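Everything on this sheet refers to the single structure shown next.
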Amino acid sequence: MTSPAPAPLKDAVGGLERDGFVALLSKLIGESARLQNDPPVHRPQEDLVARHLVDALRPVSTEAGGGPLVVRKVSYAEGRSNVIVEYPGTVPGRVVSFVGMHMDVVPANPGEWDFDPFSLTFDSEDKDKLRGRGTTDCLGHVALVAQLMRRLGEVKPPLKHSVIAVFIANEENSSVTGIGVDGLVKDGLLDKLKTGPLFWIDTADKQPCIGTGGMIPWHLKATGKLFHSGLAHKAINSMEMNMEALKEIQKRFYTDFPPHEKEKVYKFATPSTMKPTKWSYPGGGLNQIPGECTISGDIRLTPFYSTSHVVEKLKGYVEDINERLETTLDTRGPVSKYVLPDENLRGRLEISFDGDVMNGVACNLESRGFKALCKATEEIVGHVEPYSITGSLPLIRELQDEGFDVQTAGYGLLKTYHAKNEYCLFSDMAEGFQVFVSIISQLEEEV
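In this text, residue positions in the sequence shown follow UniProt numbering: the first is 1, and each later residue adds one.
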């Protein structure tokens with residue numbers, strides 16, 4: 001007598017159960033004040049979230065003997081854990097993974113919010129809204145994927161693929177390295193994920209995000225000669241020189257790194273950009289022409305250009321301008337100048353870059369993972385509209401370079417990402433749950 005065929009995965013697993021999801025998310029948001037990542041003021045303790053995850057999954061884990069989930073905490077710094085959860089499949093080398101659900105958050109100032117950012121609350125007029133710091137980025141996704149893994153552990157569907165979830169520390173700040181997914185990769189703990197699609201769950205709006213931008217923070221310092229504003233002919237105005245220099249540098253940047261033909265294929269909203277975002281100088285009176293000042297900003301670079309090449313180009317621009325100040329930069333008015341020959345003085349420009357340069361990523365549009373994500377999105381959400389942005393996601397280009405098939409998606413709201421009054425919608429998270437189940441089902445059918 002033959003055994004009955006197993007029920008389809010989506011029927012066996014069902015949908016996202018609201019009470020369990022909200023209960024776990026409430027615990028996570030309740031820890032968010034201690035998950036803020038902005039050292040040295042805020043040093044997150046992701047282990048607080050890791051403990052809740054381990055507790056939630058323990059009844060269906062091998063540790064408790066009641067289920068198949070293999071749960072492992074990995075720490076590279078005190079109080080800062082990563083959690084790897086595996087639902088074992090039956091075919092070696094077959095794997096699908098959900099990675100990037102990070103357990104730290106960006107800071108929130110309670111005085112600027114309309115509700116307490118550090119506790120989960122509900123909109124009195126819209127029960128679908130779940131409010132609090134981390135609901136969209138990224139504790140909502142932590143709770144979502146945890147519920148998926150718990151449900152697999154409860155139902156125990158016979159899967160050929162191993163399903164692996166990796167909850168990570170330290171995504172929101174790059175001043176400290178080696179304690180999040182980068183540490184896991186370095187130690188080879190994610191090597192088995194290379195044989196199947198890896199879904200990075202940390203974007204928004206329920207659509208595949210197929211491209212992100214690189215980011216280069218820069219500082220352009222101008223040094224001139226401080227002098228009385230009534231004797232402008234004896235000064236080198238560092239502000240005027242810096243503004244004109246930036247104008248020239250931007251002109252050269254946009255000539256050398258114009259819109260790329262692949263940006264249309266990937267539906268980038270903008271091409272690569274270089275712009276100032278911050279201005280600083282040592283201070284002084286209104287009647288003093290400043291002797292030095294710094295303009296800072298960033299470059300957002302589509303992934304079809306190399307960040308290291310751009311950095312070398314910018315250094316070359318500045319070197320060339322310094323050599324030819326008199327002929328390269330426009331002056332402002334009849335006595336404005338950047339060289340004082342009688343005093344053997346020349347203005348000077350210096351450009352520097354922060355250490356946290358990030359590379360963008362262009363996902364593989366021909367991979368199994370991308371096709372499965374698109375099909376699942378169309379099936380569950382009702383339409384599929386892949387998009388790209390020059391916002392930057394840390395770490396995923398490094399994963400791609402290591403040989404992982406990285407695809408990205410997320411089910412929070414882009415309009416509340418890193419924003420005041422952050423919230424997500426339960427209905428969006430519920431659709432994300434169904435998308436994940438659909439992806440697993442599709443991959444199972446291929447074996």
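Every residue, glycine too, gets a C-beta built ideally from N, C-alpha and C.
Since we're looking at a predicted model, the values are computed, not measured.
Start and end residues, alpha helix (DSSP H) containing residue i
| i | result |
| --- | --- |
| residue 448 | Nothing can be reported for residue 448: it is not among the residues displayed for the chain, which extend from 1 to 447. |
| His-42 | Premise fails: His-42 is in no alpha helix (DSSP H) and is neither H nor E. |
| Ala-430 | 426-446 |
| Asp-182 | 181-186 |
| Gly-153 | 139-155 |
| Arg-34 | No alpha helix (DSSP H) holds Arg-34; DSSP gives it neither H nor E. |
| Ile-396 | 396-401 |
Three-state class that DSSP yields for residue i in the structure shown
| i | result |
| --- | --- |
| Phe-304 | coil |
| His-383 | coil |
| Val-335 | coil |
| Arg-131 | strand |
| Ala-269 | coil |
| Cys-374 | helix |
| Asp-11 | helix |
| residue 450 | Within the shown structure, residues of the chain are numbered from 1 to 447, placing residue 450 beyond reach of any answer. |
| Gln-207 | coil |
| Ser-124 | coil |
| Ala-362 | strand |
| Leu-340 | strand |
| Leu-345 | strand |
| Met-1 | For Met-1, the predicted model reports a pLDDT of 41, less than 50, meaning its position is unreliable; a value from the coordinates is still stated below. DSSP places Met-1 in coil when its eight states are reduced to three. |
Residue j beta carbon less than 8 Å from that of residue i
| i | j | result |
| --- | --- | --- |
| Gly-134 | Leu-35 | yes |
| Arg-348 | Asn-322 | yes |
| Gly-196 | Ser-97 | yes |
| Gly-153 | Leu-28 | no |
| Lys-301 | Gly-214 | The question names Lys, yet the displayed sequence has Leu at residue 301. Taking 8 Å as the Cβ cut-off, Leu-301 and Gly-214 qualify as a contacting pair. |
| Ala-44 | Asp-104 | Residue 44 is actually Pro in this sequence, not Ala. Cβ distance < 8 Å, so Pro-44 and Asp-104 count as in contact. |
| Ala-409 | Ile-201 | yes |
| Leu-120 | Leu-24 | no |
| Cys-293 | Ser-280 | yes |
| Lys-129 | Asp-123 | yes |
| Ser-438 | Lys-156 | no |
| His-219 | Ser-352 | yes |
| Gly-183 | Tyr-76 | yes |
| Ile-179 | Ala-169 | yes |
| Glu-431 | Ile-396 | no |
| Leu-425 | Leu-413 | yes |
| Ile-194 | Thr-90 | Per the sequence presented here, residue 194 reads as Lys, with Ile not at that position. Cβ distance not < 8 Å, so Lys-194 and Thr-90 don't count as in contact. |
| Arg-370 | Tyr-305 | Correcting the residue type first, residue 370 is Phe in the shown sequence and not Arg. Contact: no. |
| Thr-377 | Pro-208 | yes |
| Val-176 | Pro-39 | yes |
| Glu-172 | His-102 | yes |
Terminal residues of the beta strand (DSSP E) in which residue i lies
| i | result |
| --- | --- |
| Arg-348 | 348-353 |
| Ser-97 | 95-102 |
| Thr-328 | Taken as a continuous stretch (DSSP letters only), Thr-328 belongs to no beta strand (DSSP E), being part of the alpha helix (DSSP H) at 325-328. |
Counterpart residues of residue i in DSSP-defined beta bridges
| i | result |
| --- | --- |
| Ser-81 | Ser-75 |
| Gln-407 | Phe-199 |
| Glu-86 | Val-70, Ile-164 |
| Leu-414 | Paired residue(s): none; Leu-414 is not in a bridge. |
| Val-105 | Gln-36 |
| Leu-159 | DSSP output for Leu-159 lists no bridge partner at all. |
| Ser-175 | None, per the DSSP bridge assignment. |
| Ile-392 | Inspection of the sequence shows that residue 392 is occupied by Ser rather than by Ile. For Ser-392, which the question treats as bridged, DSSP gives no partner whatsoever. |
| Ser-367 | DSSP output for Ser-367 lists no bridge partner at all. |
| Ser-119 | Bridge partners of Ser-119: none, in fact. |
Residue i: CB within 7 Å of a non-hydrogen atom of the ligand NAP
| i | result |
| --- | --- |
| Asp-330 | You won't find the ligand NAP in this model; it holds no ligand whatsoever. |
Inset, instruction - Could you pull out every unbroken alpha helix (DSSP H) segment of at least 4 residues lying fully inside the UniProt domain "Peptidase M20 dimerisation" (210-323), listed in chain order? - result: Runs of the alpha helix (DSSP H) spanning 4 or more residues and lying entirely within the UniProt domain "Peptidase M20 dimerisation" (210-323) occur at 238-256, 262-265, 307-323, in chain order.
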